[in-house]
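Peer 1: Have a look at the structure that comes next, please.
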Amino acid sequence: MKYTVQSTKYVLKNWLYLLPFAILPAVFLAFSTDEGAIERVLKAFFNGRIADISFPDLFRAISILSFASWQSIVFGVIGIVFIVPCAALLMAILDKHFRIGKRTWNGIWAKLNDNFLSTFWYVVLLLAIYEIWALLLAALLFFLSLLPVKVVAYILMGICYIGLQVLLLYSVGLIYLWLPCMQITGFRAFEALHYSYQLATSIKWRILGGQLVGLLFVQGALAVCAWFVPTRIAFLALATVLYAGLILLYCVRMQIAYFDRDHIDRADLAGYYRK
Numbered sequence: 000m001k002y003t004v005q006s007t008k009y010v011l012k013n014w015l016y017l018l019p020f021a022i023l024p025a026v027f028l029a030f031s032t033d034e035g036a037i038e039r040v041l042k043a044f045f046n047g048r049i050a051d052i053s054f055p056d057l058f059r060a061i062s063i064l065s066f067a068s069w070q071s072i073v074f075g076v077i078g079i080v081f082i083v084p085c086a087a088l089l090m091a092i093l094d095k096h097f098r099i100g101k102r103t104w105n106g107i108w109a110k111l112n113d114n115f116l117s118t119f120w121y122v123v124l125l126l127a128i129y130e131i132w133a134l135l136l137a138a139l140l141f142f143l144s145l146l147p148v149k150v151v152a153y154i155l156m157g158i159c160y161i162g163l164q165v166l167l168l169y170s171v172g173l174i175y176l177w178l179p180c181m182q183i184t185g186f187r188a189f190e191a192l193h194y195s196y197q198l199a200t201s202i203k204w205r206i207l208g209g210q211l212v213g214l215l216f217v218q219g220a221l222a223v224c225a226w227f228v229p230t231r232i233a234f235l236a237l238a239t240v241l242y243a244g245l246i247l248l249y250c251v252r253m254q255i256a257y258f259d260r261d262h263i264d265r266a267d268l269a270g271y272y273r274k
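Per numbering that gives the first Met the number 0, residue 0 is the first one in the sequence shown, and the count goes up by one each step.
Written out as structure tokens, the structure is:
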């Protein structure tokens, strides 16, 4: 939780400088979210009608791309496409601020070319991991919802949901420091993967715990918004805020954890610059 707390404080303190790098992909990801599927799944679950939950609704509620319609797929793809340059620039501004303590955008555009390819493959890998996980989770929850004894079904669905969340975050944790390692050290992909894994080995469960809290919060907030927010516009606005916060927190925590594990001094904490 240490890195999550530090990252949250950093994001809240510097949100004005960071938000432009997350708002655009967050908007498109919000448009790709199928709040109707989320609402139907939640109502069936909490009203005791789990047998009415369909596999398509489960998958659409969990998937980033949603697959509810061609529009949602397009919005999701555009959101992922925008994440690549935005995350590459965000990592550049974080690296600059951490290294010299100067919080400006000057010079970060030159880093876009250096960071773009590594960020692209990292994002593609994360998307593949998540979508495979979403398909597996939806299939297991659908199978469990068909069990004849409701009490057993509810208990097993809850265990499955939390257990698969842990599995997802553990898988992501294996490559969590890979991106900053490639960008900061200049190592080749497999060399950076090996070194970043060594750095993360002793803290992977702490990273998992912090990520789990954040992920469950965002999922819970999206569920509440889908069920109780009356208008589409309001849902999109709230979902955009949640996705932007998730993107910022993920990248900032990744950079903070890497600097800490690689024993790199952070100039932003020393106050070398006032801006």
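Positions of the beta carbon are idealized from the N, C-alpha and C atoms, including for glycine.
Could you give the distance in angstroms between the alpha-carbon of tyrosine 194 and the alpha-carbon of methionine 181?
Peer 2: In the sequence shown, residue 194 corresponds to position 195, counting from 1. In the sequence shown, residue 181 corresponds to position 182, counting from 1. Straight-line Cα distance between these residues: approximately 10 Å.
Peer 1: Work out the CA separation of alanine 188 and cysteine 250 for me, nearest whole Å.
Peer 2: Numbered from 1 along the sequence shown, position 251 holds the residue referred to as residue 250. Numbered from 1 along the sequence shown, position 189 holds the residue referred to as residue 188. Going from the Cα of cysteine 250 to the Cα of alanine 188 covers about 19 Å.
Peer 1: With distances taken from CA atoms, which of Arg102, Trp108 and Thr118 is nearest valine 83?
Peer 2: For the purposes of this step, residue 83 is identified with residue 84 of the sequence shown, where counting begins at 1. Taking only the C-alpha atoms, the option nearest valine 83 is Thr118.
Peer 1: What residue does the alpha helix (DSSP H) around tyrosine 129 start on, and which one ends it?
Peer 2: In the sequence shown, residue 129 corresponds to position 130, counting from 1. Residues 110 to 144.
Peer 1: Between serine 65 and glutamate 130, which are expected to be in contact by the criterion C-beta below 8 Å, what is the C-beta distance as a whole number of angstroms?
Peer 2: For this step, residue 65 is matched to residue 66 along the sequence shown. For this step, residue 130 is matched to residue 131 along the sequence shown. 11 Å between Cβ atoms; not a contact.
Peer 1: For the alpha helix (DSSP H) that lysine 149 lies in, which residues bound it at each end?
Peer 2: Translated into the one-based positions of the sequence shown, residue 149 becomes position 150. Lysine 149 -> alpha helix (DSSP H) spans 149 to 172.
Peer 1: Determine the burial state of proline 24: buried for a count of at least 16 other Cβ atoms within 10 Å of its Cβ, exposed for fewer.
Peer 2: Residue mapping note: residue 24 aligns to position 25 of the sequence shown, counting from 1. Proline 24 comes out buried.
Peer 1: Going by other Cβ atoms of all chains shown within 10 Å of its Cβ, with 16 needed for buried, is serine 201 buried or exposed?
Peer 2: The residue labelled residue 201 in the question sits at position 202 within the sequence shown. Result: exposed.
Peer 1: In the DSSP assignment, find the alpha helix (DSSP H) that holds glycine 78 and state where it starts and stops.
Peer 2: Translated into the one-based positions of the sequence shown, residue 78 becomes position 79. Glycine 78 -> alpha helix (DSSP H) spans 69 to 99.
Peer 1: Assign proline 179 to one of three DSSP states: helix, strand, or coil.
Peer 2: Here residue 179 refers to the residue found at position 180 when the sequence shown is read from its first residue. Three-state result, proline 179: helix.
Peer 1: Would you say the beta carbon of leucine 57 comes nearer than 7 Å to a heavy atom of the ligand PLP?
Peer 2: Of the ligands one can find in the structure shown there are none, so the ligand PLP has no counterpart to examine.
Peer 1: Roughly how many angstroms lie between the CA atoms of leucine 163 and methionine 156, to the nearest whole one?
Peer 2: In the sequence shown, the residue the question calls residue 163 occupies position 164. In the sequence shown, the residue the question calls residue 156 occupies position 157. Answer to the nearest angstrom: the Cα atoms are 10 Å apart.
Peer 1: In or out: proline 229 buried (at least 16 other Cβ within 10 Å) or exposed?
Peer 2: Residue numbering aside, residue 229 sits at position 230 when the sequence shown is read from its first letter. Its Cβ having fewer than 16 others within 10 Å, proline 229 is exposed.
Peer 1: Whose CA, out of Leu88, Ile37, Phe30 and Met253, lies closest to the CA of glycine 75?
Peer 2: The residue given as residue 75 occupies position 76 in the sequence shown. Considering only alpha carbons, the answer is Phe30.
Peer 1: Whether or not the segment 91 to 109 and the segment 33 to 43 are in contact is what I'm after, with contact meaning three or more pairs of Cβ atoms, one per stretch, closer than 8 Å; do they touch?
Peer 2: With a cut-off of 8 Å, the segment 91 to 109 and the segment 33 to 43 do not count as touching, because too few Cβ pairs lie within range.
Peer 1: Using CA coordinates, which residue listed in Gly209, Ala109 and Asp51 is at the minimum distance from lysine 149?
Peer 2: Taking the sequence shown and counting its residues from 1, one reaches residue 149 at position 150. It is Asp51 whose Cα lies nearest to the Cα of lysine 149.
Peer 1: What does the Cβ neighbour count give for methionine 0, buried or exposed, with the cut at 16 atoms within 10 Å?
Peer 2: By 1-based counting over the sequence shown, the position of residue 0 is 1. Methionine 0 comes out exposed.
Peer 1: Got a sec: is the Cβ-Cβ distance from leucine 41 to anything in chain C below 8 Å?
Peer 2: Note that chain C does not occur in the displayed structure, where there is just one protein chain.
Peer 1: Taking the alpha carbon of valine 4 as the point to measure from, which residue in Ala256, Asp261 and Thr103 has its own alpha carbon closest?
Peer 2: As a first step, residue 4 must be located in the sequence shown, where it is residue number 5. Residue Ala256 is the option with its Cα nearest to valine 4.
Peer 1: Tell me whether serine 68 is buried or exposed, calling it buried when 16 or more other Cβ atoms sit within 10 Å of its Cβ.
Peer 2: For this step, residue 68 is matched to residue 69 along the sequence shown. Result: exposed.
Peer 1: Measuring straight from C-alpha to C-alpha, what distance separates asparagine 112 and isoleucine 263?
Peer 2: Residue numbering aside, residue 112 sits at position 113 when the sequence shown is read from its first letter. Residue numbering aside, residue 263 sits at position 264 when the sequence shown is read from its first letter. If I take the Cα positions, the gap works out to 24 Å.
Peer 1: Rounded to the nearest angstrom, what separates aspartate 267 and lysine 101 at their Cα positions?
Peer 2: Within the sequence shown, numbered from 1, the residue matching residue 267 stands at position 268. Within the sequence shown, numbered from 1, the residue matching residue 101 stands at position 102. Answer to the nearest angstrom: the Cα atoms are 7 Å apart.
Peer 1: What's the C-alpha gap between leucine 168 and isoleucine 154?
Peer 2: In the sequence shown, the residue the question calls residue 168 occupies position 169. In the sequence shown, the residue the question calls residue 154 occupies position 155. Spanning the two alpha carbons is a distance of roughly 22 Å.
Peer 1: To the nearest whole angstrom, what separates the beta carbons of leucine 18 and alanine 243, a pair I think is in contact under 8 Å?
Peer 2: Translated into the one-based positions of the sequence shown, residue 18 becomes position 19. Translated into the one-based positions of the sequence shown, residue 243 becomes position 244. About 6 Å separates the two Cβ atoms, so the contact holds.
Peer 1: Quick one: what's got a C-beta closer than 7 Å to alanine 220's C-beta in the same chain, skipping five residues either side?
Peer 2: Here residue 220 refers to the residue found at position 221 of the sequence shown. Once the five neighbours on either side are set aside, the close Cβ partners of alanine 220 are Leu241.
Peer 1: Buried or exposed: glutamate 190, going by 16 or more other Cβ atoms within 10 Å of its Cβ?
Peer 2: Position 191 of the sequence shown, counted from the start, is the residue given in the question as residue 190. The residue is exposed, with fewer than 16 neighbouring Cβ atoms inside 10 Å.
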